[in-house]
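Since the structure comes first, as structure tokens, the remarks are kept for the end.
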Amino acid sequence: MSLPTSPDLAPASAQYQLIDSAPAVLATDSRVVAAWIGGSIAAGTADRWSDVDLRLAVEQPDLPGVIAGIPATLAAIRPVLGWFGRPVRGGHLVVVTFEGPLRADLEIATPAYLRGPRHEAVAPLIDPDGQVARFAGTPVAPPRLTPAELIQREAARLPSELGRLQRAIEERSILSATQAQATLLESAQRLLLLLRDPRAAGLAGPKHAADALTAADVEPLLAPLRAWSADWPDPAADSIDPTLDLLRPLVAEVQNRHETTVPLHPEPPDPEGAVAGSSHFTRYAPTEAVQAAHNLLVHAMVGASSYNRGLYTGLLWGYAMAAQLAADLARVRPESPELAVQLAPADAAALESALRPLRRGSVEAVRHVAASVAALYSRYLERACDALGLSYQRRLDREVNSYLFREGVFAYDVTAANPAP
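With my numbering applied, the sequence shown has no gaps in its numbers, which climb one by one up to 485 at the end.
Written as structure tokens, this is what we have:
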């Protein structure tokens with residue numbers, strides 16, 4: 065096995081330990097035709113935030129059996145905290161968080177994949193017939209968006225999000241307002257990235273593009289949060305104007321530099337999403353909401369850690385979504401086939417209290433909100449599992465939250481917090 069050197073990833077890292085242990089486990093399964101590493105590790109651009117992209121080739125008749133044996137395979141490679149899988153075109157994708165925590169993407173496909181074009185570097189692990197070596201030429205580069213195309217993509221979302229924020233204020237929906245505001249602040253952040261470094265804004269992933277901005281750059285973008293009234297959101301006192309005041313100079317500079325129009329007029333939101341506090345989770349059964357919550361835990365370590373590298377508005381967006389899911393979990397009742405419509409008063413008050421520090425409009429406030437929402441999220445997930453007779457992934461929950469505290473994403477140790485749900 066030969067991997068290119070990644071200068072920003074230590075040789076003794078958890079990523080390399082995982083890669084060292086995987087071939088011996090996979091080689092015991094004769095159904096595995098080939099195995100290789102893809103992504104940033106194979107390209108030599110990984111750092112300590114990078115996940116491990118592990119790929120397997122399995123003949124079509126063997127796919128069901130290999131997929132069924134995933135839990136045992138993963139556990140043999142490294143102790144597992146949590147995982148979930150889903151079908152993808154041509155195979156199956158498993159997203160797993162190993163002990164550490166360390167996230168990996170395991171993709172299982174047929175050997176036909178090795179004969180098609182690809183968009184990532186390749187480093188063979190198991191390759192008895194040389195198929196992966198033949199596959200490991202120069203990857204086919206994905207189409208690269210021009211700055212104008214990136215701006216158009218960003219501009220397309222602004223009117224609807226401005227309309228969603230306006231509606232949320234009118235309906236005094238603190239969760240919907242937080243989500244819409246966070247999405248708009250992310251748009252402002254990406255516009256700033258386009259002005260600073262168009263390549264970083266469009267071609268690199270969020271965790272790598274974050275190097276182009278610092279917390280000092282992001283702090284002014286949080287100014288609209290400071291304009292909210294003490295009774296936020298209050299239709300009599302609050303409006304979308306502070307957000308427009310933030311966006312206008314950025315948009316003007318982008319338009320002048322790239323000769324591209326960026327509209328800033330609010331559009332009415334989609335009627336299906338216009339119900340205050342609604343989300344797509346509320347259309348599912350309670351067990352599906354709990355599964356979504358478990359999946360979010362699997363993603364939390366990589367996602368929030370990446371955003372800690374300067375993308376604080378992205379961290380705000382992530383935990384706005386977690387706040388909505390926490391609300392959905394708080395609605396779970398064992399006697400109901402679907403999620404209840406209304407939150408209990410104590411649950412609604414707890415979520416609103418957790419989000420209120422955003423009015424300080426600072427990076428530190430976002431970190432406090434992230435920790436508070438995560439603590440509520442954990443309590444509601446545990447309560448929902450108890451109500452439905454499901455297993456609560458306490459170990460995954462605690463390890464991920466402790467990791468985020470150690471990395472400085474959370475303002476305090478969520479595992480030691482005990483908010484009243």
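Using N, Cα and C, we set each Cβ at its ideal position, and we do this for glycine too.
Return the CA-CA distance between Ala74 and Gly472, expressed in angstroms with no decimal places. About 20 angstroms.
Status (buried if at least 16 other CB within 10 Å, exposed otherwise) for Thr161: With a threshold of 16 other beta carbon atoms within 10 Å, Thr161 meets it and is buried.
Closest by CA to Gly180, which one among Glu225, Gln195 and Ile83? Ranking Glu225, Gln195 and Ile83 by Cα distance to Gly180 puts Gln195 first.
Collapsed DSSP secondary structure at Glu171 in the structure displayed: Looking at Glu171 - three-state DSSP - the assignment turns out to be strand.
Going by DSSP, what residues sit across from Phe162 in a beta bridge? Looking at the DSSP assignment, Phe162 forms a beta bridge with Val144 and Leu166.
Report the rounded CA-to-CA distance for Ala287 versus Ser417, giving the unit in angstroms. Our two residues, Ala287 and Ser417, have alpha carbons roughly 20 angstroms apart in a direct line.
Quick one: using the 10 Å Cβ neighbour count with 16 as the cut-off for buried, is Leu258 buried or exposed? By the neighbour-count rule (16 or more Cβ atoms within 10 Å), Leu258 is buried.
Give the secondary structure of Ala475 by DSSP, where H, G and I count as helix, E and B as strand, and everything else as coil. Collapsing the DSSP output to three states places Ala475 in coil.
Among Asp295, Ala294, Ala252 and Ala301, which residue has its Cα nearest to the Cα of Leu277? Ranked by Cα distance from Leu277, the options Asp295, Ala294, Ala252 and Ala301 are led by Ala252.
Test item: CB-CB of Ala435 and Tyr467 under 8 angstroms: Contact flag unset, no.
Would you give the residue range spanned by the beta strand (DSSP E) that Gly108 belongs to? That residue, Gly108, is in no beta strand (DSSP E); it is neither H nor E in DSSP.
Note the first and the last residue of the continuous alpha helix (DSSP H) segment covering Ala451. Unbroken alpha helix (DSSP H) run through Ala451: Val427 to Leu452.
When we look at the beta-carbon of Asp450 and count the other beta-carbons within 10 Å, is it buried (16 or more) or exposed? By the beta-carbon neighbour count (other beta carbons within 10 angstroms, threshold 16), Asp450 is exposed.
Return the chain-ordered list of same chain residues with a C-beta closer than 8 angstroms to the C-beta of Arg424, the five sequence neighbours on each side being excluded. Counting only Cβ-Cβ distances below 8 angstroms, and skipping sequence neighbours, we find Leu289 and Arg290.
Between the beta-carbon of Leu145 and the beta-carbon of Glu463, is there less than 8 angstroms? Here Leu145 is near Glu463, since their CB atoms are less than 8 angstroms apart.
Under the three-state reduction of DSSP, which class applies to Leu361: helix, strand or coil? Helix, per DSSP.
Taking C-beta to C-beta, are Val9 and Arg95 nearer than 8 angstroms? Outside the shown range of the chain (65 to 485) lies residue 9, about which nothing can therefore be said.
Return no unless some Cβ of chain B is closer than 8 angstroms to the Cβ of Arg459. Absence of chain B from the displayed structure is noted, only one protein chain being present.
C-beta contact flag for Val433 and Leu440 at 8 angstroms: Taking 8 angstroms as the Cβ cut-off, Val433 and Leu440 do not qualify as a contacting pair.
Could you give the residue range of the alpha helix (DSSP H) that holds Pro306? Element bounds for Pro306: Asp305 to His322.
Which residues in the same chain as His272 place their Cβ atom closer than 7 angstroms to its Cβ, once the five residues preceding and following it in sequence are excluded? In this prediction, His272 has a pLDDT of 49, which is less than 50 and means its spatial position is unreliable; what the coordinates show is noted afterwards. So the list is empty, once near-sequence residues are dropped.
Alpha carbon to alpha carbon, how far is Arg119 from Ser66? Give it in angstroms, no decimals. Ser66 and Arg119 have their C-alpha atoms some 15 angstroms from each other.
Applying the 10 Å Cβ sphere with the 16-neighbour rule, what's the burial state of His156? The C-beta of His156 has 16 or more other C-beta atoms within 10 Å across all chains shown, which makes the residue buried.
With DSSP collapsed to three states, give me the class of Gly486. Residue coverage of the chain in this structure runs from 65 to 485, which leaves residue 486 outside it and unanswerable.
Using the three-state DSSP reduction, which class does Arg397 fall into: helix, strand or coil? Coil at Arg397, not helix or strand.
With DSSP run on the structure shown, which of helix, strand or coil describes Ala132? Here Ala132 sits in helix by DSSP.
Taking DSSP as the reference, what is the three-state secondary structure of Ala187? In the structure shown, Ala187 falls within a strand segment according to DSSP collapsed to helix, strand and coil.
Cβ-based neighbour list, Ala484, same chain, cut-off 6 angstroms, excluding 5 preceding and 5 following: Below a pLDDT of 50, predicted positions are generally treated as unreliable, and Ala484, at 40, falls in that range; no measurement from the model is reported.
One question on the structure: do Pro297 and Ala241 come within less than 8 angstroms of each other, judged by their Cβ atoms? Their beta carbons are under 8 angstroms apart, which means Pro297 touches Ala241 by this criterion.
The alpha helix (DSSP H) spanning Asp411 covers which residue range? Unbroken alpha helix (DSSP H) run through Asp411: Pro409 to Leu419.
Among residues of its own chain, excluding the 5 on either side of Glu283, which ones have a beta-carbon nearer than 7 angstroms to its beta-carbon? Excluding residues within five positions, the ones whose Cβ falls inside 7 angstroms are Ser426 and Val427.
What is the residue span of the alpha helix (DSSP H) that Ala176 lies within? Segment: none, Ala176 is in no alpha helix (DSSP H) and carries neither H nor E.
Any contact between the segment 223-232 and the segment 299-310? By contact I mean 3 or more CB pairs, one from each, below 8 angstroms. Touching, yes.
Going by other Cβ atoms of all chains shown within 10 Å of its Cβ, with 16 needed for buried, is Ala438 buried or exposed? With 16 or more other Cβ atoms within 10 Å, it is buried.
By how many angstroms is the C-alpha of Leu256 removed from the C-alpha of Ser224? Approximately 20 angstroms, taken between the alpha carbons.
Who are the Cβ neighbours of Thr69 in its own chain at under 7 angstroms, not counting the five residues just before and after it? Only Gly108 meet the Cβ criterion.
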